[in-house]
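For reference, the structure discussed in these notes is given below.
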Amino acid sequence: MIQSLRGMNDILSEDYERFEFFISTASTVAKRYGFHYIETPLLEETALFKRSVGESSDIVGKEMYQFTDKGGNDVCLRPEGTAGVVRAFIQHKLDKKGGIHRFYYHGPMFRYERPQKGRLREFHQFGVESFGVASVYEDALMIMMVADILKELGIGYRLKLNSLGDQHCMPAYRDKLVGFIESCGDAICEDCQRRKSTNPIRVLDCKNEKCQSLYTDAPKLINNLCEGCQSDFDTLKSILDQHAIAYEIDTNLVRGLDYYSKTAFEFVSDNIGSQSAIAGGGRYDRLIEFLDGKSTPAVGFALGIERLLELIVMPESVREGYYLGALDEESLPLVLKAAESVRRTQKAVVEYDPKKLQNHLKGADRINARYCAIIGENERANHTIWVKDLVEKSESLIPMSQF
RNA sequence: GUGGAAUUAGCUCAGUCGGUUAGAGCAUCAGGUUGUGGUUCUGAGGGUCGUGGGUUCGAUUCCCAUAUUCCACCCCA
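Here it is, written out as structure tokens:
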């Protein structure tokens, strides 16, 4: 038997209902905030991700589905959504056009990781990107939008917040931290030794207890922000306070993608296992120019759809449409005809096997139909269709001409 | 990528200290005297016990490999 590739799932029936419900809910919220849909290719030039997400990141370093196509191009299945949207933004010269551009998107992303619950090799994200707004109010808008989406879906969460600083304060802090780490010498774990050069900020949330005890005195980025970053961070906190959005400052929160600066946030759920981040995002003011566009402030976020699916509280399903069946073989053509006209306005499902009324009613019940429409000997003789409303429990004989 | 656990019917799981026809609940299908559902009763179908090797007179059970899923690490959405 041929199976789907490891970490790549089919989404069917009930799961898809949730999936669809999520997409429509999130899209509706995004549109209410003034965002427009954008669709970008699943396949992009490898260089795009190397330059945006960053070569030092795990995503680019070891998780990309990378190959050479028949034309000899070095390409990748997209591991995240922002890079493609930024590429499109620049390619269509919206950076030069100026003004504000707000996009939302959803679709599959690919990362070659070891699968686990909530961690798939093909997974789906819903994301938004906002270009041209430098104000920290836009950062707050992002967080409010995620909060709105999760609220409409009935999902509880904790919000973690941090500021990563900008090109003025981050490099200085990084040097200071690396200096501190070096002062620890060989006392720290192997992972930290490696992180010291790849992503020094990550050592701060090392799980090793010995490392943690050494790091209690480590310099914290939050205490080393420059004036601009500090005041934006303070403003952001006060906006969230005013909107009653609870948050916790997590000075160890580091986004794994190199393009983030200033605001970084993550929504986590305590009910889905160890892969608990359900949404993450932040500001990336420098990315557009890194990709040869005109310097444009930007901020965005992405939600992991599969991680949300089991948390979604679906609205109660209502009975709808028709179930149509025949009591004998001779009635079937008339049933098909009736179904055809019902379908012009409503759902109509036909049972082809003639069977007893009782079994038809069971069948109608099973597919959650509102009406059970049956044709048998009597109906044929009188040119009527017997229809039972499964909610009202009322029944009537309707002339075939009215169908 | 590292360490660990699991894999038996469509689903959730029993079970076999290695020995004839491998069980349950739910689901499916069919009936309960001739046209009334969701919450009844009866019955039936459905499994080469994840896959491939090995040990054995004999393996679903023991051993090895492999695949997948799950847990922790890692990472992130």
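Using the numbering used here, you'd call the opening residue of the first sequence number 607 and step up by one each time.
Cβ coordinates follow ideal geometry from the N, Cα and C atoms, glycine included.
As the structure is a computational prediction, the values presented were derived from the model and not from experiment.
Start-end ranges of the alpha helix (DSSP H) lying completely within the stretch 948-994, minimum 4 residues:
Listed in chain order, they are 963-972 and 983-988.
Could you say which of 658, 700, 874 and 652 lies nearest to residue 681 if we only look at CA atoms?
652
Rounded to whole angstroms, what is the Cα-Cα separation between residue 961 and residue 629?
40 Å
Got a sec, what are the start and stop residues for the alpha helix (DSSP H) residue 777 sits in?
776-790
Under a three-way DSSP split, which group does residue 701 fall into?
helix
Alpha carbons only, please: which of 800, 967, 796 and 808 is nearest the one belonging to residue 780?
Nearest of 800, 967, 796 and 808 to residue 780, Cα basis: 808.
Bridge partners - residue 712, DSSP secondary structure assignment:
732
What is the C-beta distance between residue 660 and residue 897, in whole angstroms, given that I count them as a contact (C-beta under 8 Å)?
At roughly 12 Å, the Cβ-Cβ gap does not stay under 8 Å, so residue 660 and residue 897 are not in contact.
Go ahead and label residue 966 buried or exposed: buried means 16 or more other beta carbons lie within 10 angstroms of its beta carbon, across all protein chains shown.
buried
Euclidean distance between Cα positions of residue 645 and residue 773:
Each residue's Cα considered, the two are about 31 Å apart.
Quick one: Cα of residue 650 to Cα of residue 938, how far?
53 Å
Look up residue 884 in the DSSP assignment and say whether it is helix, strand or coil.
Strand, per DSSP.
Buried or exposed for residue 837, please, with buried defined as at least 16 other CB atoms from any protein chain shown within 10 angstroms of its CB.
exposed
Rounded Cβ spacing between residue 641 and residue 710 (contact assumed at less than 8 Å):
4 Å
Reduced DSSP secondary structure (H/G/I, E/B, other) of residue 643
strand
Taking 6 Å as the limit between beta carbons, can you name the residues of its chain near residue 764, skipping five residues before and five after?
874
So residue 803 packs on residue 868, CB below 8 Å; how close in whole Å?
Contact doesn't hold; Cβ gap of about 24 Å is too wide.
By alpha-carbon positions, which one of 679, 692, 761 and 1003 ends up nearest to residue 982?
1003
Limits of the unbroken beta strand (DSSP E) element including residue 682:
Looking at the DSSP string, the run of the beta strand (DSSP E) that includes residue 682 is 680-683.
Is the beta carbon of residue 728 sitting closer than 7 Å to the one on residue 607?
no
Cutoff 8 Å; reference residue 771; Cβ partners in own chain excluding five residues on either side:
Residues of the same chain with a CB within less than 8 Å of the CB of residue 771, apart from the 5 flanking positions on each side, are 779, 827, 830, 831, 832, 835, 867 and 868 in chain order.
Is it a yes or a no for the stretch 783-790 touching the stretch 878-897, going by three-plus beta-carbon pairs under 8 Å?
no
So, with DSSP's three-state summary, where would you put residue 763?
coil
DSSP beta-bridge partners for residue 1005?
990
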